[in-house]
């Protein structure tokens, strides 16, 4: 699927008004803002 189509799909999904979330190893995530917006990934490690 072309990246511009993915971006349009992600933009059509309303952003949540939730506060900070807790992540765990192997969680699937999507970057919502910044230079990597709309990129997806998997949590491989957590620095505390």
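Residue numbers (our numbering): 1 to 48. Think of the CB as a built atom: it goes at the ideal place given N, C-alpha and C, for glycine as much as any other residue.
Item, Value
"Per-residue DSSP class, three states only, for residue 32", "coil"
"Continuous alpha helix (DSSP H) stretch holding residue 3: start and end", "3 to 12"
"When 21, 42, 37 are compared against residue 10, the one with the closest alpha-carbon", "37"
"For residue 37, three-class secondary structure by DSSP", "coil"
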